[in-house]
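Residue numbers (the working numbering), protein chains in the order written: chain A, 1330 to 1528; chain B, 140 to 440. Ideal placement from N, C-alpha and C gives every residue a C-beta, glycine not left out. Taking it in order: structure first as structure tokens, then the write-up.
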Amino acid sequence: MSTIFFLLLAACGSGSGFTDPSREFGPERPTEGAPHAVHIHQPPGLGVADVDLADARGVRLGVPCATCHGDNAEGPWVERDDAPQDFHGNVALEHGTLSCDSCHQSDDRTKLHLADGELLDITDAMTLCAQCHGVQYRDYTHGSHGGMTGHWDLQRGGRDRNNCVDCHFPHSPAYEQVMPVHPPRDRYLDLDDSHQEGH
Amino acid sequence: MAFDPSRRNVMKAGGATLGAAAFARAIAPITEWTADLSVDEFIQRHYKEMSREDMNKVLRRIEAKTLEEYGATVHVEDVRPTPGVQFAYALNLSVCIGCRNCSKACHEENNHDRPTNNSYIRVLEMDNGSMSLENGTVNYDGPVPKPGKFYMPVQCHQCDNAPCVKVCPVEATWKESDGIVVVDYDWCIGCRYCEAACPYHARRFNWTKPEIPAEEINPDQAYLSNRVRPQGVMEKCTFCLHRTRKGRLPACLEACPTGARVFGDLADPDSEIRWVLENKRVFVLKEDVGTLPRFFYFFDE
């Protein structure tokens, strides 16, 4: 019985089949030190209105919210009824039944607010999204929603993650259709055409 | 230096039967093939039988050959598994939009033949509510995702019970300790049994010598993954082992704009892949054939 056991052990030991067993594995996974950071992208456009104008070099102009809505920017243009359409001309609100004031604080346009009135910086958009889209936020925090680059093993390197608003424009958040890239050119796909030509 | 008369007669008879021209044409692939094969390549041992020194010589030879034939300076490594790591992949079909950026990233990362647009990933456009792969199509076009359709990228499932490994007559393909099924391109004889055995259509054959412009060759290469393959051998997805065995994410995952792809270490209970397997309703493709894939699909609730 013990002989069989030894034979089995020997068989397991040589199971990898490497003549030089030191070649079988690479380095150990590093265990010391804190894991590398997961960095969430901050889109540069948050807190800047895209006013559909460009400067002389063709660079699109953005106007920070505080230019018009800040403490020192009192003026008739701020409260004009047509300002959302004329100035924020690119806003086509297609986000359920939400209106501007559902997310933007009415008396401080540099801020967002949660449903309970808590104020958020305009750069903290993801917290605002998460209050309604909890399932997506849960999936995001567990790495199964939203693009990323970098390392699966945070012991060996960091990771960059997309922000909600990188992919979902907050005012019309449905993911738009795209044109597919890189069509397959398999040999058998061409056969369909040649059959039609009678070959 | 006398010829063996009987052998000579046999050759004469053979030549007469086939016709000399036809005979020459028939053996042409062999003469062309041997002209392209150096002595070092011919006597090279199986991947697992090479010493570290042998392997280093082979790696340098491959680098020199790539420079000579493609004009590209590359770095080829023998990247081995990290002890204790068990790779797995999951794909969220609710989020995939069928844009094929994964397929393109694979093409570029893995030094695939440019004229054929080859890639280890094939994206199927399928009818909602259907799981019939036969009715899926790969050559769809136009804006995606289309209403009433969903998109299913298929690549190597790195099966734990891999039919492709079992059918190989020369042990040129095997499963490694971290779960990745690899091919020794220098040992493969190109019989394509593995291609026929794979229920996921995941293996590719190099019908021609890959054509890649020098500036497009990815210089970060490994012996078992993305080095430029010779003509006449099989190739397959390796979960980008030249990246993932160093802790990086696979190229197809990084290219995915929607985050449909989840990759990681099954042995780590805190990994994203474990969360998906424990909390989502995952399934494997063709579960009934018993291949035990390491590639999982899921839909959001």
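query                                                                                                                                                                               : result
Skipping 5 residues on each side, what residues in its chain have a beta carbon closer than 7 Å to that of residue 139 of chain B?                                                  : Look at the range of chain B in this structure, 140 to 440, and you will see that residue 139 of chain B is not part of it.
Counting only the same chain and skipping the five closest in sequence on each side, list residues whose C-beta sits under 8 Å from that of residue 1398 of chain A.                : 1407, 1437, 1438, 1439
What is the residue span of the beta strand (DSSP E) that residue 265 of chain B lies within?                                                                                       : 261–266
Mapping the DSSP letters down to three states, classify residue 194 of chain B as helix, strand or coil.                                                                            : helix
To test your reading of the DSSP string, which unbroken beta strand (DSSP E) runs of 3 or more residues are found completely within the stretch 174–237 of chain B?                 : 214–216, 226–231
Rounded to the nearest angstrom, how far is the Cβ of residue 1485 of chain A from that of residue 318 of chain B, given a contact under 8 Å?                                       : At roughly 18 Å, the Cβ-Cβ gap does not stay under 8 Å, so residue 1485 of chain A and residue 318 of chain B are not in contact.
Can you tell me whether residue 1387 of chain A is buried or exposed? The criterion is at least 16 other CB atoms within 10 Å of its CB, across all chains shown.                   : exposed
Looking only at C-alpha atoms, which of A:1385, A:1389, A:1489 sits nearest to residue 1365 of chain A?                                                                             : A:1489
Take the Cβ of residue 271 of chain B as the centre, count every other Cβ of all protein chains shown within 10 Å, and call the residue buried at 16 or more, exposed below.        : exposed
Could you tell me whether the stretch 389–403 of chain B touches the stretch 203–211 of chain B, using the rule of 3 or more Cβ pairs below 8 Å?                                    : no
Say whether chain A places a C-beta atom closer than 9 Å to the C-beta of residue 374 of chain B.                                                                                   : no
Any idea if residue 1445 of chain A is buried or exposed, counting beta-carbon neighbours within 10 angstroms, 16 or more meaning buried?                                           : exposed
Using the Cβ count rule (16 or more neighbours within 10 Å means buried), how would you classify residue 1368 of chain A?                                                           : exposed
Going by C-alpha to C-alpha distance, which of A:1451, A:1381, A:1493 sits closest to residue 1395 of chain A?                                                                      : A:1451
Using a cut-off of 9 Å between C-beta atoms, extract the partners of residue 1480 of chain A located in chain B.                                                                    : 385, 386, 387, 388
Chain B partners of residue 1504 of chain A, CB-CB under 8 Å?                                                                                                                       : 236, 397
Is residue 1511 of chain A closer than 9 Å to residue 1503 of chain A when the C-beta atoms are compared?                                                                           : no
According to DSSP, is residue 369 of chain B part of a helix, a strand, or is it coil?                                                                                              : coil
Taking a Cβ distance cut-off of 9 Å, strictly less, list which residues of the stretch 1483–1517 of chain A are near chain B, in chain order.                                       : 1483, 1484, 1485, 1486, 1488, 1490, 1491, 1496, 1504, 1505, 1506, 1507, 1508, 1509, 1510, 1511, 1512, 1513, 1514, 1515, 1516
Taking one C-beta from the stretch 397–417 of chain B and one from the stretch 356–366 of chain B each time, how about it: are there three or more such pairs within less than 8 Å? : no
For residue 187 of chain B, tell me which candidate among B:322, B:415, B:289 has the shortest Cα-Cα distance.                                                                      : B:322
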